[in-house]
Each structure stands twice: as C-alpha cells, then as structure tokens.
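With numbering that gives the first Met the number 0 as the guide, the letters of the sequence shown map in order to residues 0 to 385.
A short write-up of the structure that comes next.
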Amino acid sequence: MHGNYEIMRFMYNNGFSDWEQRDVDQATPLHYAFCHFNSLFIAFSFSNNLNLKFSARTLNGSSVFHSAAICRSFTLYFFHNRNDVYHLNIPNSYDYRNRSILHYSMLLPLRQNYDDLKSGVSEDVLVWSIFEVCFKPKHNFKHTDNEGKNFLHYAAESGNYFGFENAYHSLSRYDVMKYEGPDIAELLLTKDNALKCNGSFSPLHEIIMNDRNTQSMYYNHDILNKYLADYSSTMLDRCFDKDGYNLLHRAVIGGNLLGTQFLVNKGMKLSHVSHHGKSALQILLSKAPFLKNGVMPLSYRKRSPFQVLQFVSQNKTEELIIDYSTALQYDETAVFVLENVYTSRPSRRRKIEALLCRPNERQLSLVHLAAAKGFYRFSKDMCFVV
0 MHGNYEIMRF MYNNGFSDWE QRDVDQATPL HYAFCHFNSL FIAFSFSNNL
50 NLKFSARTLN GSSVFHSAAI CRSFTLYFFH NRNDVYHLNI PNSYDYRNRS
100 ILHYSMLLPL RQNYDDLKSG VSEDVLVWSI FEVCFKPKHN FKHTDNEGKN
150 FLHYAAESGN YFGFENAYHS LSRYDVMKYE GPDIAELLLT KDNALKCNGS
200 FSPLHEIIMN DRNTQSMYYN HDILNKYLAD YSSTMLDRCF DKDGYNLLHR
250 AVIGGNLLGT QFLVNKGMKL SHVSHHGKSA LQILLSKAPF LKNGVMPLSY
300 RKRSPFQVLQ FVSQNKTEEL IIDYSTALQY DETAVFVLEN VYTSRPSRRR
350 KIEALLCRPN ERQLSLVHLA AAKGFYRFSK DMCFVV
C-alpha cells in the first residue's frame, strides 16, 4: 500500500487511520520508508497531516533517521535540503546503545556491486549525503557509543573507506586523528624526561629540530604546548642540550618555521647565543643545506615529504597522501628570524648590519653565505632592511 499514491489516497479518503502499524521489531512504515527512500509516502504524510511520529523507536531504540542511515538511503539528504514544507531537520539522535546516525551509516560493509543500490546513486555519494546532513546541523562527530567507539571505529571494522575520506576532507585534521588515549609521544615522553637542560641528550631538542624531516609527525602546536607551556622563556633561553644549543637554535637548524614562530612568540630571544657564541640567524645560515632557488632538494630528506595512507575496503582500495613538505622551510625561517631581529633597538640593528654585510678573515658574511646557499627570499628581504 505505502508505495502507491493512488492506494494511499483511497485508504485515506475512506477513513484508514492506522498509519503507524508496528512489526515484530516495533518498526513503523515510516522506518521502512526512510530505509528504502520512499519519498512518496513521506511526502504524503506531510501533505495530509497524518502527524506520524518521526520520533518512533524500534526495540533497539533506533529512529527513522537511523533506518535511513543503516540502509544508506538518500532520504535524509533529499528532505533535509528542501526549502519547502517537506524540509526535515535531522536531529542528533541515539539508539539505546548510544549509537548515532553516523554510527549506523558505517555499520554494514560496502555493497559488492551497484545492482544492490536501489536508488541508482553510487555508494560513495550515499555515504557523503548522510555525512552532509550530519555535518550541517553540527552533530557531535566525536560522540562515542556505550562501547567507546566513534563512527570511524565502525567504518574501520566494516571497511568503509568513504567514511574516512569524508571525515578527512570535512573535519579538522586534529578531530580525525584524535582519540581518547595516549599517543606514542605521551607514552615515551614525560615532563621529567622530555626536556633536558644539563648538557645531556634532550628529546624535545631533537623533536623540534626535525632533522631532515624525521620527526614530521610531531610538526604541530599540540606537542609544543603540551611540553613547554609550563616553562618560562628565560628558562628556555638557557636550556642547552649536549651540543650547546637551546630549543630555538634547534628549531632554526631544522628549518622548523612553526617551531621557531612558537618559541619567539613565547618570548625566547633570537639574540641569545649558543655555547659556540652564535646567534640563531648565524646558526641557521651556517647549518642549513644548499637550496635550489629557495626550495629544499628531495635528496636532503631522510624520509619522503609525503605520508601515504592506504584504505582497503571489500571492493575498493584508495590512497590518501599527506604532504609534510612544509615541515622544512629554511628560507622562510630565515626571513622570519631576520624580520624579528630587525624590530630590536637601533644599536642592535647596527650590529646586525655589520654581521650581515662584513666578512671577517676566516668566514663569509651572512649575506654571502645566504646567496651561496640559494636563500632567495632571505636575500630579497635583506634589500629592504639593510
């Protein structure tokens, strides 16, 4: 009856009133309509004011919205994006096991072939459509069920690559990668062993240097905030590792622009010298590799600038490439250091001019060194400050 408009109209006109009959699982016709994209019945219920209960629950507490999600139906997207009387708001609904609409959309494996897709819409589009109707109303994507799982856990179990693809492109990287547990850094590093200032090996000095891109997985503010928030800039200025460098020196040695900016903003002094009597700018230009037109040669890196993640589902394999090439930015870091050094008092600027432009008997000036190493942006920037 529910798939034929003429029959529905006939039953309605003849006084039929039991539009919410329940099956053995306590599912209503509306549950089935949402599952099978029976837009005709749903629209009929609107236009005739049947007052059907969209909040109706089955035995496991699933709503009509859950039914659409587990069937990967186009129903939610179709009605949510209408601008007429048929528009539907999609609530952040949970079943009795605390599973959301997104949880349900990831429960089942991807279909084996397109013959199983009754709506004629490809599976990737169906997954995307459900993701969209949850994203726009700002559903809680971090929500976990009674087993502590979020929707990506179910996507991993069912091999639903499209769930990860949509999450990666729609959510922040932090939201996608975050989970309720320690990462490898938290297991290995503590406040007691992460930072050493007694001239011994210091893990944080190595991490922030990111030697030849070997520590690019920690190229973010979260690690820096976690381990350095409690220390003063004065203390960090004087915190030297086994080679006589502080954290700021290590950051510029590695061309770590993000780390350099973080430490300068925290208050560390660019003029504070290492145990070798060298400032951050001197250390950067002397330790940096030779660039090609300001670009880091691939041969310098000890690991690929790209991380390749492979997602394997039952009928499809896809690769996702994460670009870490910006983790090594020597020329940009040098420009940042130069511009911040030149904001100091005039007497200090005169010393910098002398340092930049006047060679001594044993070594090149920093201007010559920068030009020799291919620091294009730095050399160009010097024209405006010197």
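C-beta atoms are modelled at their ideal positions from N, C-alpha and C, and glycine is treated no differently.
Please read all numbers here as calculations on a predicted model, not as lab measurements.
Check: Could you tell me which whole alpha helix (DSSP H) segments of length 4 or greater appear in the region 23 to 52?; Outcome: 28 to 34 and 38 to 46
Check: By how many angstroms is the C-alpha of Ser61 removed from the C-alpha of Lys265?; Outcome: 50 Å
Check: Is Glu122 closer than 8 Å to Phe163 when the C-beta atoms are compared?; Outcome: no
Check: What's the call for Pro28, buried or exposed, on a 16-neighbour Cβ count within 10 Å?; Outcome: buried
Check: Of all the options His35, Ala287, Leu58 and Glu205, which has the alpha carbon lying nearest to the alpha carbon of Asp22?; Outcome: Leu58
Check: According to DSSP, is Phe9 part of a helix, a strand, or is it coil?; Outcome: helix
Check: I'd like to know whether the C-beta of His248 is nearer than 8 Å to at least one C-beta of chain B.; Outcome: Absence of chain B from the displayed structure is noted, only one protein chain being present.
Check: What residue from Gln20, Arg96 and Leu257 has the CA that sits closest to Asp144's CA?; Outcome: Arg96
Check: Bridge partners of Phe239, per DSSP?; Outcome: Asn197
Check: Pick helix, strand or coil for Asp114, following the three-state DSSP scheme.; Outcome: Interpretation of Asp114 is limited by its pLDDT of 46, a score under 50 that renders its predicted location unreliable; no figure is taken from the coordinates.
Check: Quick check on DSSP: helix, strand or coil for Lys291?; Outcome: strand
Check: Is it buried or exposed for Lys291, if we count other Cβ within 10 angstroms and need 16 for buried?; Outcome: exposed
Check: Tell me where the alpha helix (DSSP H) around Asp221 begins and ends.; Outcome: His220 to Leu227
Check: What does the Cβ neighbour count give for Met105, buried or exposed, with the cut at 16 atoms within 10 Å?; Outcome: buried
Check: For Ile100 and Leu246, what's the separation of their Cα atoms in angstroms?; Outcome: 46 Å
Check: Quick one: is Phe261 buried, meaning 16 or more other Cβ sit within 10 Å of its Cβ, or exposed?; Outcome: buried
Check: Who are the near neighbours of His138 in its chain, counting only those whose CB is closer than 6 Å to its CB and skipping five residues on each side?; Outcome: Asn91
Check: Taking C-alpha atoms, which residue in Leu87, Thr259 and Phe239 lies nearest to His274?; Outcome: Phe239
Check: Would you identify the three-state DSSP class for Asn245, choosing helix, strand or coil?; Outcome: coil
Check: Compare the C-alpha of Ile282 against each of Val263, Tyr329, Leu257 and His79 and name the closest.; Outcome: Tyr329
Check: Using only the alpha-carbon positions, how far apart do Ala32 and Phe53 sit?; Outcome: 11 Å
Check: Determine the direct distance from the alpha carbon of His142 to that of Tyr173, and round the result to whole angstroms.; Outcome: Unreliable positioning characterises Tyr173 in this predicted model, as indicated by a pLDDT of 49, which lies under 50. A coordinate reading is not provided.
Check: For Gly258, which of helix, strand or coil comes out of DSSP?; Outcome: helix
Check: State the start and end residues of the unbroken alpha helix (DSSP H) segment that holds Thr143.; Outcome: Segment: none, Thr143 is in no alpha helix (DSSP H) and carries neither H nor E.
Check: Provide the residue span of the alpha helix (DSSP H) that contains Phe374, from first to last.; Outcome: Counting along the chain, Phe374 falls outside any alpha helix (DSSP H), and DSSP gives it neither H nor E.
Check: So, under 8 Å CB-CB, Leu256 and Phe335 are touching, yes? Tell me the CB distance rounded to an integer number of Å.; Outcome: 6 Å
Check: With distance defined between alpha-carbon atoms, name the residue in Leu355, Glu338 and Glu331 nearest to Lys374.; Outcome: Going by the sequence as given, residue 374 is Phe instead of Lys. Answer by Cα proximity: Glu331.
Check: Report the start-end ranges of each alpha helix (DSSP H) in the region 51 to 113 that is 4 residues or longer and not cut off at the edges.; Outcome: 63 to 69, 74 to 79 and 100 to 104
Check: Quick check on DSSP: helix, strand or coil for Leu327?; Outcome: coil
Check: Using only the alpha-carbon positions, how far apart do Asn165 and Phe40 sit?; Outcome: 30 Å
Check: Tell me the residue span of the alpha helix (DSSP H) that contains Gln281.; Outcome: Ala279 to Lys286
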